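Heads up: the structure comes next, in structure tokens.
Number of protein chains: 4
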Amino acid sequence: MSTVTAVDHRSRVAAERRERTRKRLLESAMIVYAQKGMTSSVIQDVVAEADVSQGSFYNYFKTNEALFVALATEFSNEIVRMIEPVINEIDHPALKIATAIRSYLHMMRSCPVATQFIAKAGLRLMSRANSLEVFLPRDLKAGQQQGLFTPIPVRLAIQMISGTGLMVIGGMVTGETPEDAPEQVTDMILRALGVPPGDAGRFVEYPLVHIMIPEDSLLARAQARFQTGCTLATNVV
Amino acid sequence: MSTVTAVDHRSRVAAERRERTRKRLLESAMIVYAQKGMTSSVIQDVVAEADVSQGSFYNYFKTNEALFVALATEFSNEIVRMIEPVINEIDHPALKIATAIRSYLHMMRSCPVATQFIAKAGLRLMSRANSLEVFLPRDLKAGQQQGLFTPIPVRLAIQMISGTGLMVIGGMVTGETPEDAPEQVTDMILRALGVPPGDAGRFVEYPLVHIMIPEDSLLARAQARFQTGCTLATNVV
Amino acid sequence: MSTVTAVDHRSRVAAERRERTRKRLLESAMIVYAQKGMTSSVIQDVVAEADVSQGSFYNYFKTNEALFVALATEFSNEIVRMIEPVINEIDHPALKIATAIRSYLHMMRSCPVATQFIAKAGLRLMSRANSLEVFLPRDLKAGQQQGLFTPIPVRLAIQMISGTGLMVIGGMVTGETPEDAPEQVTDMILRALGVPPGDAGRFVEYPLVHIMIPEDSLLARAQARFQTGCTLATNVV
Amino acid sequence: MSTVTAVDHRSRVAAERRERTRKRLLESAMIVYAQKGMTSSVIQDVVAEADVSQGSFYNYFKTNEALFVALATEFSNEIVRMIEPVINEIDHPALKIATAIRSYLHMMRSCPVATQFIAKAGLRLMSRANSLEVFLPRDLKAGQQQGLFTPIPVRLAIQMISGTGLMVIGGMVTGETPEDAPEQVTDMILRALGVPPGDAGRFVEYPLVHIMIPEDSLLARAQARFQTGCTLATNVV
DNA sequence: CATGAATGAGGGTTCATTCAT
DNA sequence: CATGAATGAACCCTCATTCAT
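So, in structure tokens, the structure goes:
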């Protein structure tokens, strides 16, 4: 084995290891946020949950805030990556939006760690890395231009949609949200946007492609550890 | 002067003094929350803003949380007291709801300290003492029974309304929200509830009784001090 | 009624009232010490227990320490006043000592508030106002001169007696001390002093005059309130 | 150097360092207790004496109480370890007890930091980790079975012995206690237990093996620093 | 890079004491 | 004298961060 190869190998292994630890910290952060909220002793709990030394943490994240930003970004990107292919198959703006919202809410409903994380992060997550913002502006404008939606400032429409989503997800934490809440909520949103009630009802009943959460995703791994290990008591909001 | 009178006088003076300090602390808390957000380390800033000693604080609020609860309660109650008389004059459920939302949003728009406080408090305020919850369930049910609204679980409707309101208020902080946003938002909400677009448009154009904020209210006093004294830099979310 | 008489009357009433409050504070202090130990927040608990205002406290005791000294003094004096007449009837030094110890321990056994107070106060009480020290030196010396006791430094003998008493009283707090412990303990002490075992056994079996605790004594009043009102949980040593 | 060795080395160094700091804190605690007494506010003084940061303290002891318990345990264990070998050479129960008490008191007499610590800790130390309790119950029972001691409840005998010891040690603080006090006290105790005066006198005159305090023991190290550094004024009881 | 002991600034909280009424 | 709100020094404790190994 040549030296070059050896060095390559060494650095590649190191890089992989580094990436694994980073992921582990992000997962742990998500679990901790979901349980304890955005307050207080994040780092200590995160390193404990990740079983990593205190000092190591700073090899990955300069500060508290950097950790949250990284997590929010990763989290949003993952969701976008999962929903995007489904949406791209659809042409009709209203159906695009309806399907995105429904997919999103259904996914959240099946993933408590995400639900609680979002509920606890609240506006801080919304204002920073709202995964819906990637699709929404484009589709809203398209829909308005095609006369499908009432001409409302896009900004207000987005606030309406994301606020509604946030509160509904907050409601999911207690577990009382009915199974078809995503459809009913989407129905409301479509009507709010100006879609005639009859059409809205049909849009929300389109069969939904089930979205698989990849096994090695942040979401899946956090959820797996969230269910089992839960060493911390979950704080009520 | 008899002893009884003396004692009465003494305790009355003490009680008044106590009440004044309490109010002062609540106002200060509102200002601090509006500026710094819900971070844990509120107390020191509150006592500084209120110009009261640290020790005194604990004569009024056992903990950080107790302070927030007291403030949230007082804040909500005040708003309810201000909006209630206006709403009570109205019979039609949709118009009641529309007027309540519009009044609320207009009031907030003219009161930065409240806007920022709500934006920073976010879900914590919503889940605890949402002033809208006093009217909404009743009027939503009435409207559904009269066939004015689509039959949606009241809980979901409330989540939609409060979530939308929260995000819109959050948007107000930057000052970009147009003057007629309350009407446009209310329009969306009414349509979401199932009110036909034409009717919704008319409901949101009813002339609005201007709501006066009493001079000695928490809101007014906090706002007065908020504009002038701002010693702390306002944190961006 | 002449002015002089009126003034006399007024000041007499005032003096009585003052004395009543002072007593009330001392009783309360005893209860608090018995429950919480010598630590921490004495004053606040004492005024609460006495139902007296914070400020008033300082009209009676300048400091924490002054309160304890006053209580220890009053407590010791009361006990001396109760035991003294019984002892004065006795001539024989060994019997004097035996009877004093037995009376003391029996009294304590029937008065939990005192037991706990002594146990919590510990050496601080001993070194300050040991009620036994009033009789012991005199009787020890007399006994030694009469050849009844081994010639031991009086100081050491007193340390032996008071230390033993203190620990036994400490043991009473748990309630496991048997009824005849005072006799057995006194038996040990007499032997330690050099009294021949047979004599010691007889001395501790002399019939004991039952000592009545006056109803308006500190001890009786504290005990009465100790049993009933106990608002504070008693700390284990 | 292999990774495994490096890690081993690292953790061994860390463990040693940790142990050193812990010892340092315990020594300092002993000194502080000896000087200030059991007052609540120990921590600040301890860290000052140990020249360690406040935060570090909490890496070792969760609370004030935990510190005291650790110290009391360590202290008692050390004494037991020192006295045990001497006692184990002896068969006769009365001589065992006599020698243990004499050794203990002589050791204390030569170690002011211990004397003062015990005097200040008082009952709290006795009730928790009385080093005498390790030997006493066993030897008392043996002596009673062999007819050497009067049959007294072991509990009472222990209270007598430990109480006497405590008070005598308390008396040592002032320095007035004569050199042969241990023998005189032991003499009293033996007689109290029922040993005939003549025998008792002989038991307390057995030559005593001088007990060496190991140089790196808590006791020795605390004593060394106690004499020199005394930064705090010693409180009178 | 990993480790974990050490740090110290910063916050929460208590409580003896004062003083205007 | 009684009252009790106000005070602030002093304490407890946490936790992000550093750094020698």
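Residue numbers (the numbering used here), protein chains in the order written: chain A, 1304 to 1540; chain B, 1304 to 1540; chain C, 1304 to 1540; chain D, 1304 to 1540.
Positions of the beta carbon are idealized from the N, C-alpha and C atoms, including for glycine.
Quick caveat: nothing in here was measured; it's all calculated off a predicted structure.
Distance between residue j and residue i (C-alpha atoms, nearest Å)
| i | j | result |
| --- | --- | --- |
| P1456(A) | R1405(B) | 17 Å |
| A1375(D) | L1426(D) | 12 Å |
| M1491(D) | P1500(C) | 13 Å |
| A1351(D) | A1351(B) | 31 Å |
| C1414(D) | D1394(D) | 28 Å |
| K1326(D) | L1521(D) | 7 Å |
| P1454(B) | R1494(A) | 14 Å |
| E1392(D) | Q1462(C) | 30 Å |
| Y1363(B) | R1323(B) | 11 Å |
| A1353(A) | L1328(A) | 6 Å |
| G1504(B) | G1466(B) | 21 Å |
| V1512(C) | A1403(C) | 11 Å |
| V1372(A) | I1472(B) | 23 Å |
| R1313(A) | V1355(A) | 22 Å |
| A1397(A) | F1506(A) | 8 Å |
| A1502(A) | Y1509(A) | In the sequence as presented, Ala is not what sits at residue 1502(A); that position holds Asp. One C-alpha to the other measures close to 11 Å. |
| R1384(B) | M1515(B) | 11 Å |
| E1479(C) | F1529(C) | 20 Å |
| V1498(B) | R1458(B) | 18 Å |
| Q1448(A) | V1488(A) | 24 Å |
| M1475(A) | Y1407(A) | 13 Å |
| E1319(C) | S1359(C) | 16 Å |
| T1366(D) | E1482(A) | 49 Å |
| E1436(C) | N1380(C) | 11 Å |
Chain B within 7 Å of residue i, Cβ atoms only
| i | result |
| --- | --- |
| Q1462(A) | yes |
| I1404(A) | no |
Chain C within 7 Å of residue i, Cβ atoms only
| i | result |
| --- | --- |
| T1467(D) | yes |
| Q1487(D) | yes |
| T1534(D) | Residue placement at T1534(D) is flagged as unreliable, the pLDDT there being 41, under the threshold of 50; a coordinate-derived value is accordingly withheld. |
| R1494(D) | yes |
Minimum Cβ-Cβ distance from residue i to chain D less than 7 Å
| i | result |
| --- | --- |
| A1523(C) | no |
| L1443(C) | no |
| T1537(C) | Here T1537(C) scores only 45 on pLDDT, less than 50, and its place in the model should not be relied on; the value that follows carries that caveat. No, no contact with chain D. |
Amino acids of chain C, ordered along the chain, whose beta-carbon sits closer than 8 Å to that of residue i
| i | result |
| --- | --- |
| S1296(D) | Examination of residue 1296(D) is not possible in this model, given that chain D is present from 1304 through 1540 alone. |
| P1500(D) | T1453 and G1497 |
| L1408(D) | Result: empty, since nearest Cβ-Cβ is about 11 Å, beyond 8 Å. |
Cross-chain neighbours of residue i in chain A, by beta carbon under 8 Å
| i | result |
| --- | --- |
| V1372(B) | Those within 8 Å of V1372(B) in chain A number zero; the least Cβ separation is about 13 Å. |
CB contact below 7 Å: residue i versus chain A
| i | result |
| --- | --- |
| R1321(B) | no |
| V1471(B) | yes |
Within chain B, the residues that residue i reaches when beta carbons sit closer than 7 Å
| i | result |
| --- | --- |
| R1327(A) | What R1327(A) touches in chain B: nothing, since even the nearest Cβ is about 27 Å away. |
Where residue i meets chain D, residues with beta-carbon distance less than 9 Å
| i | result |
| --- | --- |
| I1557(C) | Residue 1557(C) cannot be examined here, being either before or after the span of chain C that is shown, 1304 to 1540. |
Under 7 Å by beta carbon: chain D residues contacting residue i
| i | result |
| --- | --- |
| I1455(C) | Q1487 and M1491 |
For residue j and residue i, believed in contact at Cβ under 8 Å, the rounded distance
| i | j | result |
| --- | --- | --- |
| L1439(D) | I1464(D) | 7 Å |
| A1445(A) | L1496(A) | Actually they are not in contact, since the Cβ atoms of A1445(A) and L1496(A) sit about 12 Å apart, beyond 8 Å. |
| Q1347(D) | V1416(D) | Between V1416(D) and Q1347(D) the Cβ distance is about 20 Å, and since that is not below 8 Å, they are no contact. |
| Y1543(C) | K1423(C) | Because chain C in this structure spans residues 1304 to 1540, residue 1543(C) falls outside the shown range and cannot be described. |
| A1332(C) | L1370(C) | 6 Å |
Closer than 7 Å at the beta carbon, the chain A residues around residue i
| i | result |
| --- | --- |
| L1426(B) | A1422, G1425, G1473 and V1540 |
| R1528(B) | The contacting residues do not exist; R1528(B) stays about 25 Å from chain A at best. |
| A1484(B) | L1459 |
Every unbroken alpha helix (DSSP H) within the stretch 1411–1498 of chain A, with a cutoff of 4 residues, ordered by chain: Listed in chain order, the complete alpha helix (DSSP H) runs (minimum 4 residues) inside the stretch 1411–1498 of chain A are 1415–1424, 1426–1432, 1435–1448, 1457–1475 and 1484–1496.
What ranges does the alpha helix (DSSP H) occupy inside the stretch 1501–1527 of chain C, keeping only unbroken runs of at least 4 residues that lie completely in it? Counting whole runs of 4 or more residues, the stretch 1501–1527 of chain C contains no alpha helix (DSSP H) stretch at all.
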